[in-house]
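Enquirer: Numbering (the working numbering), first residue to last: 130 to 329.
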């Protein structure tokens, strides 16, 4: 139901936007990142949507990408995390940043989000760590690493680990857990192999 809306932007406010589609104006709650990505009033835009139904209201939430929507659905599936908190997280972090924080157990980064305490951050990690999409995680690792002529060091490290027989998921998660200070492919591979060995 209402998986997405494509229409003309009629209005934008601090927390919502109005899109007109088929002669109907839809008020959609959006995060700050999504709001910033929307075109100016009068231009066409597409939002991926989620309809949240409560006893006293129906609220439509909008996202600039499928990845944002999928991450939002994962977040609100955790006990104690409602749509407002989910939107706060996506306003403060990209889906890729959230994915890396979940897999690496980085509760501190998540707890920096307004409305998120240490216990909630730890609960999110506990419940979602194993549910992070490999493709999203890999994108997060690539985005976090500096580019080079042959691809990012992280990408090359993942490829090297896969050549050694590790799955894409195992390799991506191990590289994501490597300390941020390591920059060369060799350093990343050595640290990732250590993490893989400890995990056996």
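Think of the CB as a built atom: it goes at the ideal place given N, C-alpha and C, for glycine as much as any other residue.
(1) Between which two residues does the alpha helix (DSSP H) containing residue 220 stretch?
(2) Report yes or no: is there a C-beta of chain B within less than 9 Å of the C-beta of residue 132?
(3) Going by DSSP in three states, residue 141 sits in which element: helix, strand or coil?
(4) Could you name each continuous beta strand (DSSP E) segment of 3 residues or more that falls completely within the segment 132 to 183, going from the start of the chain to the end?
(5) Would you say residue 258 and residue 231 are within 9 Å of each other, going by their C-beta atoms?
(6) Which residue marks the beginning of the beta strand (DSSP E) containing residue 323, and which one marks its end?
(7) Since residue 188 is in the alpha helix (DSSP H), which residue starts that stretch and which ends it?
(8) With residue 289 as the anchor, note down where its alpha helix (DSSP H) starts and where it stops.
(9) Given a threshold of 16 other Cβ atoms within 10 Å of its Cβ, counted over all protein chains shown, does residue 134 qualify as buried or as exposed?
(10) Between which residues of its own chain and residue 173 is the CB-CB distance below 8 Å, once the five residues before and five after are set aside?
(11) Report the three-state DSSP secondary structure of residue 239 (helix, strand or coil).
Expert: Straight from the coordinates:
(1) For this step, residue 220 is matched to residue 91 along the chain shown. Where residue 220 is concerned, the enclosing alpha helix (DSSP H) stretches over 212 to 221.
(2) Here there is only one protein chain, and chain B is not present.
(3) As a working mapping, residue 141 is identified with position 12 in the chain shown. Looking at residue 141 - three-state DSSP - the assignment turns out to be strand.
(4) The segment 132 to 183 is shown to contain whole beta strand (DSSP E) runs of 3 or more residues at 133 to 141, 145 to 150, 153 to 159 and 173 to 182, in chain order.
(5) As a position in the chain shown, residue 258 is number 129, starting the count at 1. As a position in the chain shown, residue 231 is number 102, starting the count at 1. Closer than 9 Å, so yes.
(6) In the chain shown, residue 323 corresponds to position 194, counting from 1. Per DSSP, residue 323 lies in no beta strand (DSSP E); the unbroken alpha helix (DSSP H) holding it starts and ends at 314 to 327.
(7) The sequence position of residue 188 within the chain shown is 59, counting from 1. Taken as a continuous stretch (DSSP letters only), residue 188 belongs to no alpha helix (DSSP H), being part of the beta strand (DSSP E) at 187 to 192.
(8) Indexing the chain shown from 1 puts residue 289 at position 160. Residue range 282 to 292 is occupied by the alpha helix (DSSP H) that includes residue 289.
(9) Residue numbering aside, residue 134 sits at position 5 when the chain shown is read from its first letter. Burial call: buried.
(10) By 1-based counting over the chain shown, the position of residue 173 is 44. Excluding sequence neighbours, residue 173 sits near 135, 136, 137 and 138.
(11) Working through the chain shown from its first residue, we reach residue 239 at position 110. Of the three classes helix, strand and coil, the one that applies to residue 239 here is helix, per DSSP.
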